[in-house]
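J.: If you scroll down you'll find the structure; I have some questions about it.
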Amino acid sequence: MEQNSKHFRKRDAILSYLRHTDQHPSAETVYAELKKEIPDLSLGTVYRNIALFKQQGLIQSLGTVNGVERFDGTVVPHVHFVCSTCGEIVDLTELNVPELLCNKAASEAGAVVEQCMLTFFGTCSKCSGPI
179 MEQNSKHFRK RDAILSYLRH TDQHPSAETV YAELKKEIPD LSLGTVYRNI ALFKQQGLIQ
239 SLGTVNGVER FDGTVVPHVH FVCSTCGEIV DLTELNVPEL LCNKAASEAG AVVEQCMLTF
299 FGTCSKCSGP I
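Just so we're aligned: the sequence shown equals residues 179 to 309 in the working numbering.
See the structure below:
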């Protein structure tokens, strides 16, 4: 019984971390942060649980940024900005994913759109300096 509670404790900690951070971390970042609290956590456990959470729709992959897959615990449609220089990912809370665009994509593809992600790429103010 104790083995199961440890298993779920780790799983719950991973999901909680992903849902409560605005940093859009990689699996390695999740591991490094949680390892401080859960010394027996393995990177394999983090990867397996992230794969499970993606499959269950509890988190989403934002794709690869600077060679590393990044994740978001917020699965409702929202807009991101990705800095092409430093890899920072920021939620753009003032913008909404346009429903009309999703409907047009579905119509043109002759398909059902299940997920729509809108991402802007550029250089953040820290990397580009004052504008």
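Each residue gets a CB set at the ideal place from its N, CA and C atoms; glycine is no exception.
Should L278 go down as buried or exposed, given a rule of 16 or more other Cβ atoms within 10 Å for buried?
T.: In the sequence shown, residue 278 corresponds to position 100, counting from 1. So L278 ends up on the exposed side.
J.: Which of the three DSSP states, helix, strand or coil, is assigned to L310?
T.: The requested residue 310 is not part of the displayed model; the chain covers only 179 to 309.
J.: Comparing alpha-carbon positions, which option in D250, V246, L296 and T199 lies nearest L146?
T.: This structure cannot settle anything about residue 146, because the visible part of the chain is limited to 179 through 309.
J.: Among F186, L230, H202 and D200, which residue has its Cα nearest to the Cα of L219?
T.: Your numbering for residue 219 matches position 41 in the sequence shown. The candidate whose alpha carbon is nearest that of L219 is F186.
J.: Can you give the Cα-Cα distance for M295 and K213, rounded to whole angstroms?
T.: The residue labelled residue 295 in the question sits at position 117 within the sequence shown. The residue labelled residue 213 in the question sits at position 35 within the sequence shown. Their backbone Cα atoms lie some 31 angstroms apart in a straight line.
J.: Please report the residue range of the beta strand (DSSP E) in which E247 lies.
T.: The sequence position of residue 247 within the sequence shown is 69, counting from 1. Note, E247: beta strand (DSSP E), V246 to D250.
J.: Determine, using beta carbons only, whether I267 and L240 come nearer to each other than 8 angstroms.
T.: Position 89 of the sequence shown, counting from 1, holds the residue named residue 267. Position 62 of the sequence shown, counting from 1, holds the residue named residue 240. Yes, the Cβ-Cβ distance between I267 and L240 is below 8 angstroms.
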